[in-house]
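Chains as they are written, first to last, in the working numbering: chain A, 723 to 945; chain B, 15 to 95.
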């Protein structure tokens with residue numbers, strides 16, 4: 723199973739995401755922002771970092787990178803895409819996901835091991851979890867406050883499209899404690915926490931994040 | 015040469031922690047006039063000669079697709095000098 727990870731100028735967690743795919747049992751494939759070649763991958767991860775220095779708005783310039791034109795077309799045909807942190811911001815700027823990520827309430831860059839609740843275990847990226855599972859996965863961002871109109875929030879909630887929610891306390895002022903969402907079709911998922919940083923007990927607070935990467939491999943086998 | 019100015023502001027319903035931080039800092043300097051502060055962005059775009067209606071239409075398009083995020087922000091286009 724070939725899963726791609728896009729490197730943008732300023733990506734930070736691309737090598738960690740590639741490693742997570744390998745440890746989950748997949749074939750990691752590095753993809754580059756300046757090419758529109760998806761190299762026959764079956765799913766794509768947009769990793770965390772500060773693509774294009776976060777200039778203008780987080781993800782605003784990455785959205786127009788050549789690789790994104792291929793990804794946007796693929797997404798509309800049901801291709802599985804996971805955006806992590808900056809990747810989530812890019813997916814919102816690309817209008818593949820609704821809403822926007824804005825400056826954290828309190829203005830602090832928040833870096834912590836964050837308790838989360840799984841709300842939707844039916845996406846190809848979360849199918850290995852059970853709804854209601856409690857996870858601990860790191861968050862590390864300055865602009866992670868999820869904002870959307872009341873109507874969009876109502877759609878997300880009523881259609882079960884909230885994937886992850888902050889548990890215990892809301893670290894950044896996100897509406898409805900939202901930490902991750904999916905599109906109507908369920909193939910595009912964006913999360914602020916970093917599952918690729920919680921795959922081994924040696925280096926992470928838990929191994930809770932690995933299931934994102936084993937889930938997509940199982941989903942691809944089942945196709 | 016003319017300068018086209020695009021001002022981008024967070025929509026009123028979107029929390030502006032930066033504006034709040036500025037509002038909280040002003041009284042510390044003795045400035046007590048501010049009831050609230052909102053912080054935005056200003057782009058100055060230089061064009062040759064007087065901007066044509068086509069150029070202004072393009073700027074509107076650029077403001078909507080790149081310079082602002084319509085989900086959270088509104089923009090205003092003005093021509094100066």
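In this text, a Cβ means the ideal position worked out from N, Cα and C, and glycines have one as well.
Could you check where the alpha helix (DSSP H) with residue i kicks off and where it finishes?
i: residue 812 of chain A; result: 808-815
i: residue 724 of chain A; result: Per DSSP, residue 724 of chain A belongs to no alpha helix (DSSP H); it is in the beta strand (DSSP E), 724-729.
Among the residues of its own chain, which have a CB less than 6 Å from the CB of residue i, if the five just before and after it don't count?
i: residue 730 of chain A; result: 755, 773, 784
i: residue 908 of chain A; result: 845
i: residue 883 of chain A; result: 903, 904
i: residue 928 of chain A; result: 858, 920
i: residue 809 of chain A; result: 768, 769
i: residue 94 of chain B; result: 17, 19
i: residue 82 of chain B; result: 22, 89
i: residue 803 of chain A; result: 766, 797, 910
i: residue 822 of chain A; result: 814, 869
i: residue 55 of chain B; result: 22
Please return the same chain residues whose Cβ sits closer than 7 Å to the Cβ of residue i, not counting the five positions on each side in sequence.
i: residue 53 of chain B; result: 30, 32, 33, 36
i: residue 64 of chain B; result: 16
i: residue 889 of chain A; result: 837, 838, 839, 856
i: residue 899 of chain A; result: 887, 888, 892
i: residue 939 of chain A; result: 723, 746, 747, 748
Leaving out the 5 sequence neighbours to the left and right, which residues in its chain are closer than 8 Å to residue i when beta-carbon positions are compared?
i: residue 825 of chain A; result: 864, 865, 867
i: residue 760 of chain A; result: 726, 753, 766, 789, 792, 793, 796
i: residue 86 of chain B; result: 24, 25, 28
Specify, as a first and last residue, the run of the beta strand (DSSP E) that residue i falls within.
i: residue 22 of chain B; result: 16-24
i: residue 67 of chain B; result: Looking at the DSSP string, residue 67 of chain B is not in any beta strand (DSSP E); the run it does join, the alpha helix (DSSP H), is 67-76.
i: residue 910 of chain A; result: 910-913
i: residue 883 of chain A; result: It is not in any beta strand (DSSP E) - residue 883 of chain A carries neither H nor E in the DSSP assignment.
Sorry if obvious, but does the Cβ on residue i come closer than 6 Å to a heavy atom of the ligand FMN?
i: residue 897 of chain A; result: As for the ligand FMN, it is missing from this structure, which has no ligand bound.
Who are the neighbours of residue i on chain E, taking C-beta pairs under 9 Å?
i: residue 80 of chain B; result: Absence of chain E from the displayed structure is noted, the protein chains being A and B.
Identify every residue that forms a DSSP beta bridge with residue i.
i: residue 58 of chain B; result: B/19
i: residue 87 of chain B; result: B/24
i: residue 836 of chain A; result: A/859
i: residue 93 of chain B; result: B/18
Residues of the stretch 28-59 of chain B with a CB closer than 7 Å to any CB of chain A: list them in chain order, please. 28, 29, 31, 32, 35
Using a Cβ-Cβ cutoff of 8 Å, what residues of the stretch 876-898 of chain A are near chain B? List them in chain order. 895
Residues in the stretch 816-832 of chain A having any Cβ partner in chain B nearer than 8 Å: 820, 821, 822, 824, 825, 826, 827, 828, 829
Residues of the stretch 749-780 of chain A whose Cβ lies closer than 9 Å to any Cβ of chain B, in chain order: 778, 779
Restricting to runs no shorter than 3 residues, where is the beta strand (DSSP E) found entirely within the stretch 888-928 of chain A? 900-904, 910-913
Continuous beta strand (DSSP E) assignments of at least 3 residues falling wholly in the stretch 757-825 of chain A: 765-768, 803-806, 822-824
Any C-beta of chain B within less than 9 Å: which residues of the stretch 845-869 of chain A qualify? 867, 869
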